[in-house]
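**Student:** Take this structure first; my questions come after.
Protein chains: 2
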Amino acid sequence: MSIPLSADMVGYIAACLTTTAFIPQAWLTWRRKRAEGVSLGMYLILVSGVLMWLLYGLMLGALPVIIANIVTLVLASFILIMKLLYK
Amino acid sequence: MSIPLSADMVGYIAACLTTTAFIPQAWLTWRRKRAEGVSLGMYLILVSGVLMWLLYGLMLGALPVIIANIVTLVLASFILIMKLLYK
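Quick note, the sequences are listed as chains D and R, same order. Just so we're on the same page, our numbering is the position in the first sequence counted from 1, plus 105. Just so we're on the same page, our numbering is the position in the second sequence counted from 1, plus 105.
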């Protein structure tokens, strides 16, 4: 399968954005020490989904998928743990 | 490129999970009519990233990527609009 460079670049930009998006949420929740507006269901499903994406990346040996999902997994797990602790 | 069925299935499950994850957050924010614990930065970056994933899917003609990102775009935009309205 040959992917044009431009599509690849769009994919990398997309991966960077959807990964870094969780940094401001992690920071906001950490700073407020409150997480009542953050959905437990969202972060439970999200962490499960990101674990599946990580498995998918490992099965295909796709390094960008692996790296992006390890970063998202750390950030989403951090938000999930804060949600559980700040109840 | 040949992808084994099992990896494809893992990818579809992953896509379903990371897409549906936003439903409980949209519902929680809608029900509370408050969004002070939701990060504006997160949803601004996320919506931009999902738009880039959608463009990536369109460039590759990858229907599962297109569908998953249209659904996520609708949900994430809904949360972003609530964040802006409930200030």
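Backbone N, C-alpha and C define an ideal beta-carbon position, used for all residues, glycine too.
May I ask you to list, following chain order, the residues of the region 132-155 of chain D that have a beta carbon less than 9 Å from some beta carbon of chain R?
**Tutor:** Answer in chain order: 132, 133, 134, 137, 139, 140, 141, 142, 143, 144, 145, 146, 147, 148, 149, 150, 151, 152, 153, 154, 155.
**Student:** Please compile the residues from chain R whose C-beta is within a distance smaller than 9 Å of the C-beta of residue 175(D).
**Tutor:** The sequence position of residue 175(D) within the first sequence is 70, counting from 1. Per Cβ cutoff of 9 Å: no residues; residue 175(D) is ~14 Å from chain R at best.
**Student:** When we look at the beta-carbon of residue 158(D) and count the other beta-carbons within 10 Å, is it buried (16 or more) or exposed?
**Tutor:** Along the first sequence, one-based indexing puts residue 158(D) at 53. By the 10 Å Cβ count, residue 158(D) comes out buried.
**Student:** How about residue 117(D) and residue 119(R): are their beta carbons less than 8 Å apart?
**Tutor:** Here residue 117(D) corresponds to residue number 12 of the first sequence, with the count starting at 1. Here residue 119(R) corresponds to residue number 14 of the second sequence, with the count starting at 1. No. Outside cutoff.
**Student:** The alpha helix (DSSP H) spanning residue 161(R) covers which residue range?
**Tutor:** By 1-based counting over the second sequence, the position of residue 161(R) is 56. Segment 145-165, the alpha helix (DSSP H) holding residue 161(R).
**Student:** Within the chosen definition, does the region 173-190 of chain D reach the region 135-154 of chain R through at least 3 CB pairs nearer than 8 Å?
**Tutor:** The answer is no - the region 135-154 of chain R does not touch the region 173-190 of chain D, with fewer than three Cβ pairs under 8 Å.
**Student:** What span of residues does the alpha helix (DSSP H) with residue 138(D) cover, start to end?
**Tutor:** Working through the first sequence from its first residue, we reach residue 138(D) at position 33. Per DSSP, residue 138(D) belongs to no alpha helix (DSSP H) and is neither H nor E.
**Student:** Taking C-beta pairs closer than 7 Å, name the residues in chain D that residue 118(R) reaches, listed in chain order.
**Tutor:** For the purposes of this step, residue 118(R) is taken as residue 13 along the second sequence, with counting starting at 1. What residue 118(R) touches in chain D: 157.
**Student:** Between residue 129(R) and chain D, is the shortest Cβ-Cβ distance under 8 Å, so that the two count as touching?
**Tutor:** On the second sequence, residue 129(R) is found 24 positions in, with the first residue counted as 1. Yes, residue 129(R) lies at the interface with chain D (some Cβ there is under 8 Å from its Cβ).
**Student:** Please name the residues in the region 159-188 of chain D whose beta-carbon is closer than 7 Å to at least one beta-carbon of chain R, in chain order.
**Tutor:** So the list reads 160, 161, 164, 165, given in the order they occur along the chain.
**Student:** Cα separation between residue 129(R) and residue 169(D)?
**Tutor:** Taking the first residue of the second sequence as position 1, residue 129(R) is located at position 24. Taking the first residue of the first sequence as position 1, residue 169(D) is located at position 64. Distance between the alpha carbons of residue 129(R) and residue 169(D): 28 Å.
**Student:** With 8 Å as the threshold, decide whether the Cβ of residue 122(R) is near any Cβ in chain D.
**Tutor:** Within the second sequence, residue 122(R) is the residue found at index 17, counting from 1. Chain D contact via Cβ: present.
**Student:** Flag this pair as yes or no: are the beta carbons of residue 123(D) and residue 154(R) separated by less than 8 Å?
**Tutor:** Reading the first sequence from its first residue, position 18 is the one you call residue 123(D). Reading the second sequence from its first residue, position 49 is the one you call residue 154(R). In contact: residue 123(D) and residue 154(R) (Cβ atoms closer than 8 Å).
**Student:** Output yes if chain A places a C-beta closer than 8 Å to the C-beta of residue 128(R); else output no.
**Tutor:** The structure shown contains no chain A; its protein chains are D and R.
**Student:** If residue 188(D) and residue 148(D) are in contact, beta carbons under 8 Å, what's the gap, nearest whole angstrom?
**Tutor:** Position 83 of the first sequence, counted from the first residue, corresponds to residue 188(D). Position 43 of the first sequence, counted from the first residue, corresponds to residue 148(D). Yes, they are in contact, since the Cβ atoms of residue 188(D) and residue 148(D) sit about 6 Å apart, within 8 Å.
**Student:** Residue 126(R) and residue 151(D): beta carbons closer than 8 Å?
**Tutor:** By one-based count along the second sequence, residue 126(R) stands at place 21. By one-based count along the first sequence, residue 151(D) stands at place 46. A contact, by the Cβ cut-off of 8 Å.
**Student:** Name the residue from 111(R), 163(R), 135(R) whose alpha carbon lies nearest to the alpha carbon of residue 74(D).
**Tutor:** Only positions 106 to 192 of chain D appear in this structure, which leaves residue 74(D) out of reach.
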